[in-house]
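In what follows, a single structure is set out as structure tokens and then discussed.
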Amino acid sequence: MQFKSASQAIHDAYALGFKNKGLDVHRMLTADFKSSRGYKDRNWQHVDECESGLILLALAELQPHLQDWAVWCHGPRVAEYLPEQGRFFEWLNQEVGIRLLEYELEYRKKPFSEAVSSKIRDVVAYTALNYRHFTTTGQHQYSDSDIQKEASIHRQNWKRDYERWQSYAWRLFDELDRQILPLVAGVVVKLKALEEVI
């Protein structure tokens, strides 16, 4: 595989479908990795599968919500990864619920109404979609006015009540990436060094 970034390496590893083929990375890596490098076609595919397997193996050591984040944010957009994506949003919904309670106790001294709470969750969800789009294109998918419209938020209430939740979500996603991307980047560096030796 040609690696340009850790994010692209995650995408390509999941795109190969290594995890779903039922292949055992430990068993595959017991074969002489160098000996397969010199042959063409089938052996190159074997090498790509091994490389993607090493990336997925590194991700498998992370907490489940980080694995789900890696699939959702950096993996391919295919139906077979919908369960991971659903689990990520379940985790995100719980995380936002905890943060809402903390914020209520610390600053508001009263609970958010159900409508406001729902709009905050919508802002966080749209921010997640923006973040994922930004990681691949460098552009936001939804502007602030689009989010306000989709979540039925009055423009004059945005800065006062909702913008902080957008910032919170962006920081949260940055933190998730800080936990997975360096790990994968380390694997990519080792794979590139191994390719130079071979």
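Here our numbering is used: the first residue of the sequence shown is 245, the next is one more, and so on.
Every residue, glycine too, gets a C-beta built ideally from N, C-alpha and C.
Note that the structure is a prediction, hence the values are computed from the model and not measured.
Span separating the alpha-carbon of residue 332 from that of residue 309
Stepping through the sequence shown from its first residue, residue 332 is reached at position 88. Stepping through the sequence shown from its first residue, residue 309 is reached at position 65. Between residue 332 and residue 309, the alpha-carbon positions lie close to 6 Å from each other.
Put residue 456 into one of helix, strand or coil per three-state DSSP.
Since the first and last residues shown for the chain are 245 and 442, residue 456 lies out of range.
Nearest-angstrom Cα distance between residue 350 and residue 340?
Residue 350 sits at position 106 when you count from the first residue of the sequence shown. Residue 340 sits at position 96 when you count from the first residue of the sequence shown. Distance between the alpha carbons of residue 350 and residue 340 is about 15 Å.
Roughly how many angstroms separate the alpha carbons of residue 396 and residue 362, rounded to a whole number?
Sequence index remark: in the sequence shown, residue 396 carries index 152 (1-based). Sequence index remark: in the sequence shown, residue 362 carries index 118 (1-based). If I take the Cα positions, the gap works out to 10 Å.
Are the region 425 to 439 and the region 380 to 400 touching by the rule of at least three beta carbon pairs closer than 8 Å?
Not touching, per the Cβ criterion.
Does DSSP classify residue 370 as helix, strand or coil?
Taking the first residue of the sequence shown as 1, we reach residue 370 at position 126. Note: residue 370 maps to helix in three-state DSSP.
Inter-stretch contact (C-beta, 8 Å, three-pair minimum) for the region 250 to 259 and the region 319 to 326
Yes, the region 250 to 259 touches the region 319 to 326.
Quick one: Cα of residue 371 to Cα of residue 440, how far?
If you number the sequence shown from 1, residue 371 lands on position 127. If you number the sequence shown from 1, residue 440 lands on position 196. Distance between the alpha carbons of residue 371 and residue 440 is about 40 Å.
Ignore the nearest five residues each way along the sequence and tell me which others in residue 348's own chain have a CB closer than 8 Å to its CB.
Along the sequence shown, one-based indexing puts residue 348 at 104. 354, 355 and 356, listed in sequence order.
Quick one: residues in its chain with C-beta nearer than 8 Å to the C-beta of residue 328, no 5 flanking neighbours on either side, listed in chain order?
Residue numbering aside, residue 328 sits at position 84 when the sequence shown is read from its first letter. Result list for residue 328: 311, 312, 315, 316 and 319, in chain order.
Hey, could you find the ends of the alpha helix (DSSP H) residue 390 is sitting in?
In the sequence shown, counting from the first residue as 1, residue 390 sits at position 146. That run of the alpha helix (DSSP H) goes 388 to 394.
Which of helix, strand or coil does DSSP assign to residue 305?
Stepping through the sequence shown from its first residue, residue 305 is reached at position 61. Correct three-state label for residue 305: coil.
Chain-order list of residues whose beta-carbon lies under 6 Å from that of residue 413 (same chain, five-residue window excluded):
The sequence position of residue 413 within the sequence shown is 169, counting from 1. These residues qualify, in order along the chain: 368 and 371.
What residues in its chain sit with their C-beta under 6 Å from that of residue 303, if we drop five residues either side in the sequence?
The residue you call residue 303 lines up with position 59 of the sequence shown. Taking residue 303 as the centre and dropping the five residues before and after it, the same chain places the C-beta of 311 and 314 closer than 6 Å to its C-beta, in chain order.
Please state the DSSP three-state secondary structure of residue 424.
Walking along the sequence shown from the start, residue 424 turns up at place 180. It is helical.
Where residue 330 falls: helix, strand or coil (DSSP):
Indexing the sequence shown from 1 puts residue 330 at position 86. Secondary structure of residue 330 (DSSP, three-state): helix.
Identify, in the order they occur along the chain, each residue of the same chain with its Cβ nearer than 7 Å to the Cβ of residue 378, setting aside the five sequence neighbours on each side.
Here residue 378 refers to the residue found at position 134 when the sequence shown is read from its first residue. Cβ-Cβ distances below 7 Å link residue 378 to 384 in the same chain, with the five nearest sequence neighbours on each side left out; the list follows chain order.
Relative to the C-alpha of residue 336, which candidate in 295, 403, 251 and 364 has its C-alpha closest?
The sequence position of residue 336 within the sequence shown is 92, counting from 1. Ranking 295, 403, 251 and 364 by Cα distance to residue 336 puts 364 first.
Go ahead and pull the three-state DSSP assignment for residue 249.
Counting from 1 along the sequence shown, the entry for residue 249 is found at position 5. Residue 249 falls in the coil class under three-state DSSP.
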